[in-house]
Each structure stands twice: as C-alpha cells, then as structure tokens.
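Take 171 as the starting number for the sequence shown in our numbering and just add one per residue. Heads up, the thing below is written out as structure tokens.
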Amino acid sequence: AKVKLCSKEACTNQAVKGGVCTRHGPKIIVLKQCSVEGCANQVKHGGLCRKHCGKYICSGEGCTNQALKGGVCRRHGAKMRLCTTEGCTKLAVKGGVCWRHGAKKNHNLCSADGCTKAVVKGGVCIKHGAKAKRCSKEGCTRQAQGGGVCVTHGAKRTLCKIEGCGNRVVKGGVCIRHGAKVKLCSSEGCTNIIVSRGLCIRHGASRKRCSSEGCTNKVRQGGVCLRHGAKVKRCSSEGCTNEVISGGV
C-alpha cells in the first residue's frame, strides 16, 4: 500500500492530516508521563500522576486511598454528607438522600406532574406528547426501531455473538448469560437485575400490572396481560407456541 507523503516541497515525511506531516502542520498531543522512575501513568499535577501526587492521596500513614476532603479519605476522617434515611450509609446525592431512597434525576424525567417516565423529546415522555417515529406497517402503533419498522415487523435486533445463542445483546456484543455486566439489585445478597430505583421486582421495584380487576400479571400490550387479551406474535415454526424474538421465529 502506498504511503501518502507530506505535500510540502522536498519533504518526505508521512502525511498525518490535511496532506501535511506533523512538522508542517497538524500537532499531535503527547500526554506527559509521571516523572517517577518506572511509572507510565499520565501526569495529573506537578509532573506526577494521581498515584504519586500527595495532593490527591490521603495523608493517613500508609494509606493510598484518594483524598476526598481535608487531605484525607473517608476512612481517615473526611466528612461526607450521608443519606438521611435511617440505617443507610450511602452518600447523599440530592435532597439529602441517595439514589435508592428517592434522589431523582429530574433532568431525565418527564416534566408532566407526577410522571416518572424517561424524557424522549421536548422534556416529556411519549405518553405526554413526545413524538416518536412509529412503525410504518399499517395499523401498528409500536415505535420504529430500524428501517422504519418495529421489531415485530422486521427491525433487526443484534444477537449475542456466541455461536448458537439467540439472546439479545446487552453489552460488549454478548448477552447476560455469556458475560454482559448489568447492575444488580442493591438489596444485600440479591443477584437479580435492577428494574427500578436500584431494586429488583422482589425487593420493591414497581412495574405496571394488568388492568383487569384482581390480576397481578405484568402488562404486555394495551394495558393487559397475555391471559386477558394482550396479543403477541408467535413463532412461525410448526407446533411452536413461543413468542417471536427476531425474523418471525
């Protein structure tokens, strides 16, 4: 493969950006390394990295924790505002409480009074007026995911890269079963996935229930569960009654 050379007359250096080499134009920022011998960390202050800079390290004898306040870490006396909920030792985030006990990210929530749904557009959620692109299939009101259609009508979902796995990708190209890391419930000893406010369903996360009187099943479509009329697309394979994941199967 031919290497593009600097366009400056008589220069034989390799072009980096804009047709010229670093000598004749674009500057490459070189990150300074810590001045401590053998340390390759990036400089943070005074020619030293965070590890070797006394300003950022707790002054407690033999302690290597990061100083938070007054030159010390929490262990050695740095006073931090804690959640006001009785028995909670987490840091307060907003309104004197931690995330688990009610601190709200108001900038990400719908501005409609009493609504806790995520903002989609214009400060509101879909329910309160945010316009989202809908599936182009006639009669379908689902949100378009790709190619102008929803998952049911052909939008492709990325599947786990592990051979033979049909689960949906969560993170890093894999599903939860094959190593994707997800946030877990904050209740001690619980390994369930977070659903809402740092908790799983078992430990108090709220989720929509079927609107049929006396029914506690999860809503699937149109405010009702499968038992009370929510329609889902079934696998097209003969004799299979499972719900469709992708491509009709």
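The beta carbon of each residue, even a glycine, is placed where N, CA and C say it ideally should be. Please read all numbers here as calculations on a predicted model, not as lab measurements.
For the stretch 203 to 276, list the beta strand (DSSP E) runs that are entirely contained and at least 3 residues long, ordered along the chain.
Listed in chain order, there is nothing to give.
Give the single residue among 322, 338 and 321 whose Cα lies nearest to the Cα of residue 329.
Selection 322, 338 and 321 evaluated against residue 329 yields 338 as nearest (Cα-Cα).
Does the beta carbon of residue 384 sit closer than 8 Å to a beta carbon anywhere in chain D?
Absent from the structure: chain D. Only one protein chain is present.
Which partner residues of residue 377 appear in the DSSP bridge assignment?
According to DSSP, which records beta bridges pairwise, residue 377 is partnered with nothing at all.
Contact between the stretch 369 to 384 and the stretch 353 to 361 (3+ Cβ pairs under 8 Å):
Using a C-beta cut-off of 8 Å, the stretch 369 to 384 makes contact with the stretch 353 to 361, since at least three inter-stretch Cβ pairs fall below that distance.
To the nearest angstrom, how far is the alpha carbon of residue 323 from that of residue 340?
Between residue 323 and residue 340, the C-alpha separation is close to 21 Å.
Residue 172: which of 180, 185 and 181 sits nearest, CA to CA?
If we check each option's Cα against that of residue 172, 185 comes out closest.
Counting C-beta neighbours from all protein chains within 10 Å, is the total for residue 261 16 or more, i.e. buried, or is it exposed?
With fewer than 16 other Cβ atoms within 10 Å, it is exposed.
With distances taken Cα to Cα, identify the nearest neighbour of residue 238 among 231, 246 and 232.
Among 231, 246 and 232, the Cα nearest to that of residue 238 belongs to 246.
Looking only at its own chain, which residues have a Cβ that is under 6 Å from the Cβ of residue 375, when we skip the five neighbours before and after it?
Correct list, in chain order: 365, 366 and 369.
Any idea if residue 289 is buried or exposed, counting beta-carbon neighbours within 10 angstroms, 16 or more meaning buried?
Buried, since its Cβ has 16 or more Cβ neighbours within 10 Å.
Which residues share a DSSP beta bridge with residue 294?
Answer is 291, bridged to residue 294.
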